[in-house]
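Numbering (UniProt numbering), first residue to last: 1 to 398. Shown next, in structure tokens, is the structure this report addresses.
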Ligand code: FES
Ligand SMILES: [Fe+2]
């Protein structure tokens, strides 16, 4: 019976993905609650496509590591002594302990070797040997092939300073799919920016797509953020670009009087990203890369958000705020970070009201259907095409 339901959901997705934006409709409600649909997304999207694990500044020096669970399994990003990055499984090859358990180790740091804290097996982190077993105490009385013991690795690409990883050996390379977007964002110099701070909301009670869709339109500024974002970045002034494929962009100019208020709030502690043009200095660009990455690019900072499913009706939301390196040496930088963090918390709490409220609506029985899109929700319409491509069309290929 559930399989029949999944077939119907995929049929519906195929129908929706063929509609023009002018007649575009929301996804069927069960796509946000069904366990079977979630499993399919996990296998054909999250375990088959490129996901963002962080920014290169988080593993800047040889020996640096960054823990990430973005693939839905334990992974660590490491930088070797030659400067190359690796994505390795954190599952020890002995009895499968997490070699960097969050209970006892920080999310990022520096290491010469990886040592599993359970029985102290160690793994190398250098160059072509990354992940190779270096030592396993008291294993000499049994028949054990040390040379064959190695932590599995994942594919890794750096795109625009962001660390992208992929669990599928056959997925096409990411960089060439984003060439045009890379050129569009070049002036923000993402690879040179540094992390000001990160914030995580764990276990948000909504399907990951509800959060992604919320982050992919500024239409809701006039509702959810009426008193906060909208006076500075009015949603109604947003221009959504005619994009295709797996990425989108949109631009919202600052409201003339709102900007002065924002300037006053930011004070003198922020530093502008050097070399931005008039357009970038006069508004916010939003850029998205399906399945789960959205960037908000402002004159003094770039925030990237990632939504990671943890079940059909829960996800973790990760936000990382990047600033130009000069900002860190400005007097008052700590106060700037505090104010920015507080602002992010306010915006996220406003978004969470909508995200959880939508999930409650989707979970009603019978599920609602046929919600209509405004022209400002073009990225949501585009996302349906991406999803249909991954969940339906590719599975028909031999
Ligand atoms: S599980 Fe890692 S050393 Fe035993
Ligand atoms: Fe929002």
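From the three backbone atoms N, C-alpha and C, an ideal C-beta is built for every residue, glycine too.
{"Query": "Ligand 1 heavy atom lying under 6 angstroms from the CB of residue 97", "Result": "yes"}
{"Query": "Assigned exposure category for residue 20 - 16 Cβ within 10 Å defines buried", "Result": "exposed"}
{"Query": "Residue 320 vs residue 216 beta-carbon contact at 7 angstroms", "Result": "no"}
{"Query": "Close Cβ partners of residue 93 (< 8 angstroms) along its chain, the five nearest in sequence each way excluded", "Result": "121, 133, 149, 150, 151"}
{"Query": "Three-state secondary structure (DSSP) of residue 389", "Result": "helix"}
{"Query": "Continuous beta strand (DSSP E) assignments of at least 3 residues falling wholly in the stretch 196 to 257", "Result": "247 to 253"}
{"Query": "Meets three-Cβ-pair contact criterion under 8 angstroms: the stretch 281 to 300 and the stretch 175 to 188", "Result": "yes"}
{"Query": "Three CB pairs or more closer than 8 angstroms across the stretch 193 to 213 and the stretch 358 to 365", "Result": "yes"}
{"Query": "Paired residues, beta bridge with residue 307 - DSSP", "Result": "317"}
{"Query": "Separation of residue 125 from residue 239, as counted between CA atoms", "Result": "46 angstroms"}
{"Query": "Residue 265 classed as buried or exposed, judged by whether at least 16 other C-beta atoms fall within 10 angstroms", "Result": "Note that residue 265 scores 48 on pLDDT, short of 50, meaning its location in the model is unreliable; the coordinates nonetheless yield the value given after this. With fewer than 16 other Cβ atoms within 10 Å, it is exposed."}
{"Query": "DSSP state of residue 50 mapped onto helix, strand, coil", "Result": "coil"}
{"Query": "Reference residue 325, options 57, 17, 25, closest by Cα", "Result": "57"}
{"Query": "Between the CA atoms of residue 112 and residue 63 - distance to the nearest angstrom", "Result": "6 angstroms"}
{"Query": "Classification of residue 8 by the beta-carbon crowding that lies within 10 angstroms, buried from 16 upward", "Result": "exposed"}
{"Query": "heavy atom of ligand 4 below 6 angstroms from residue 375 C-beta", "Result": "Although ligand 4 was asked about, the structure shown includes only ligand 1 and ligand 2 as ligands."}
{"Query": "Opposing strand residues paired with residue 381 [DSSP bridges]", "Result": "Answer is none; residue 381 lacks a bridge partner."}
{"Query": "Residue 89, DSSP secondary structure in three states", "Result": "strand"}
{"Query": "heavy atom of ligand 1 below 6 angstroms from residue 123 C-beta", "Result": "no"}
{"Query": "Proximity below 7 angstroms, CB of residue 392 to CB of residue 40", "Result": "no"}
{"Query": "Cutoff 8 angstroms; reference residue 237; Cβ partners in own chain excluding five residues on either side", "Result": "252, 253, 255"}
{"Query": "Rounded straight-line distance, which links the Cα of residue 139 to that of residue 299", "Result": "57 angstroms"}
{"Query": "First and last residue of the uninterrupted beta strand (DSSP E) at residue 134", "Result": "133 to 135"}
{"Query": "Cα-Cα separation between residue 224 and residue 349, rounded to whole angstroms", "Result": "10 angstroms"}
{"Query": "Same chain, Cβ closer than 6 angstroms to residue 213, five either side skipped, listed in chain order", "Result": "380"}
{"Query": "Distance cut-off 6 angstroms: residue 456 Cβ against heavy atoms of ligand 1", "Result": "One cannot answer for residue 456 here, as it falls past the ends of the chain, which runs 1 to 398."}
{"Query": "Classification of residue 281 by the beta-carbon crowding that lies within 10 angstroms, buried from 16 upward", "Result": "exposed"}
{"Query": "Neighbour-count burial assignment, residue 358, 16 or more Cβ in a 10 Å radius", "Result": "buried"}
{"Query": "Cβ neighbour criterion (16 or more within 10 Å) applied to residue 261", "Result": "Residue placement at residue 261 cannot be trusted, given a pLDDT of 48 that sits under 50; the coordinates are not used to answer."}
{"Query": "Separation of residue 143 from residue 191, as counted between CA atoms", "Result": "47 angstroms"}
{"Query": "Buried versus exposed call for residue 342 [16 or more other C-beta atoms within 10 Å across all chains shown]", "Result": "exposed"}
{"Query": "Where the beta strand (DSSP E) containing residue 77 begins and where it ends", "Result": "75 to 79"}
{"Query": "Residues near residue 184 by beta carbon distance below 7 angstroms, same chain, minus five either side", "Result": "249"}
{"Query": "Through-space distance from residue 276 to residue 166, alpha-carbon basis", "Result": "32 angstroms"}
{"Query": "Stretch pair the stretch 67 to 83 + the stretch 328 to 345: three plus CB contacts closer than 8 angstroms", "Result": "no"}
{"Query": "Spatial distance of residue 372 from residue 226 (CA atoms)", "Result": "22 angstroms"}
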